[in-house]
Amino acid sequence: MTNRTVLAEALIAQTPWAGATRRPLAGDASNRRYERLVDPTNGRTAVLMDAPPEKSDDVEPFVRVAEYLRSVGLSAPEIYAEDTQYGFLLLEDLGDDLFARVLKKDPGKERELYRAATDVLLHLHQAPSLALPSYDPSLMTELAALAFTKYAAGILGTCDEDAMSRFEHRFADILHRETSGSKVVVLRDYHAENLLWLPQREGVKRVGLLDFQLAMLGHPAYDLVSLLQDVRRDVSAGIEMQMINHYISASGMDDHDFRTAYSVLGAQRNLRILGVFARLATEYGKPHYVDMIPAVWAHLMRDLDHPALVSVASLLHEALPRPTPQNLAKLRTQ
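Just so it is clear: in the sequence shown, position 105 is 105 by the working numbering, and no numbers are missing.
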């Protein structure tokens with residue numbers, strides 16, 4: 001047995017799942033691994049998260065944000081046991097009904113599920129906040145620049161430092177101008193493969209929340225962009241518009257300001273994802289992320305049509321190579 005196997009079994013031995021059977025669950029883009037534990041005596045289940053600290057994973061932010069989300073009435077997993085020193089958590093099992101899976105089987109539920117997910121954001125943004133770092137223009141600009149250092153450089157073999165510098169200067173100004181104001185908790189990975197449908201629960205608790213350990217304080221539009229400009233599944237244009245309208249109406253946000261921030265943050269998020277997906281392919285041996293780059297590009301191009309982004313749109317069109325089959329092949333083969 002590996003050391004981590006011994007450590008995991010030591011934690012599980014202290015819980016009602018000491019005699020449980022274990023089977024692996026699908027992971028995510030991080031270094032974390034997951035297993036489902038099943039108690040053979042009563043069928044009760046739990047999920048083991050294995051997040052090795054030596055691989056820069058830290059479970060303490062997950063614990064803190066999970067407890068916060070539960071305290072404000074949302075369905076984050078209950079934490080049954082924890083070993084924060086070695087990176088293990090035993091979590092409530094919220095099931096397998098990810099939004100993406102439910103909607104693949106029954107596309108007619110799209111409006112119901114996305115309305116419920118939008119209502120979760122409205123609820124969260126009205127709740128008392130949590131003390132978290134700020135997702136501020138400086139950090140957002142730095143992360144958006146991954147489109148130059150990882151995506152463009154991965155295809156072209158070099159990064160256009162001059163174009164990137166001009167982009168950073170202009171984009172930081174746009175973010176300062178268009179995304180200022182009061183901040184809310186943003187989960188930052190709020191999409192159909194991190195949301196679970198729990199129809200047996202009521203109200204906002206019908207949406208199970210996963211992968212929120214990177215939460216920060218940011219603009220209210222950020223998670224709505226994550227939800228509606230989802231690179232993993234196509235959200236219909238009608239649903240996107242309905243949910244934006246619903247959020248604005250229910251929150252009382254200024255219509256023009258919110259829609260502008262939505263497009264600006266969409267551009268920021270999609271630029272970051274271009275870089276992240278390219279990096280996962282070229283540096284971490286995960287070339288399947290390249291398959292999603294055309295969807296990221298399509299969202300980015302639509303965001304760049306907004307007048308607020310005119311000062312960076314032409315620069316980005318010139319500096320970033322289009323995701324043609326030939327260009328994407330370069331990212332896959334490194």
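Think of the CB as a built atom: it goes at the ideal place given N, C-alpha and C, for glycine as much as any other residue.
Query	Result
Alpha-carbon to alpha-carbon, residue 272 and residue 299	12 Å
Boundaries of the beta strand (DSSP E) in which residue 184 is found, first to last residue	184 to 186
8 Å contact criterion, which residue 216 and residue 132 should meet: CB distance rounded	5 Å
Boundaries (first-last residue) of the beta strand (DSSP E) holding residue 297	No beta strand (DSSP E) contains residue 297, which is instead part of the alpha helix (DSSP H) from 293 to 303.
Sheet register partners of residue 23 (DSSP bridge)	36
Assigned secondary structure, residue 9 (DSSP; H/G/I helix, E/B strand, else coil)	helix
Extent of the continuous beta strand (DSSP E) run through residue 80	79 to 83
Delimiting residues of the beta strand (DSSP E) encompassing residue 218	216 to 218
Runs of alpha helix (DSSP H) lying entirely within the segment 178 to 247, each at least 4 residues, in chain order	221 to 228
Opposing strand residues paired with residue 46 [DSSP bridges]	37, 92
With 16 other Cβ atoms within 10 Å as the buried cut-off, status of residue 206	buried
Opposing strand residues paired with residue 98 [DSSP bridges]	196
C-beta atoms of residue 221 and residue 258 nearer than 8 Å	yes
Through-space distance from residue 331 to residue 290, alpha-carbon basis	7 Å
Beta-carbon spacing of residue 114, residue 239 below 8 Å	yes
Cβ-Cβ separation, residue 225 to residue 275 (assumed contact under 8 Å), whole Å	At roughly 17 Å, the Cβ-Cβ gap does not stay under 8 Å, so residue 275 and residue 225 are not in contact.
Span of the alpha helix (DSSP H), counted from its first residue to its last, around residue 260	255 to 284
For residue 159 and residue 143, the rounded distance between their alpha carbons	15 Å
Classification of residue 263 by the beta-carbon crowding that lies within 10 angstroms, buried from 16 upward	buried
Three-pair Cβ contact test at 8 Å for the segment 49 to 63 versus the segment 12 to 25	no
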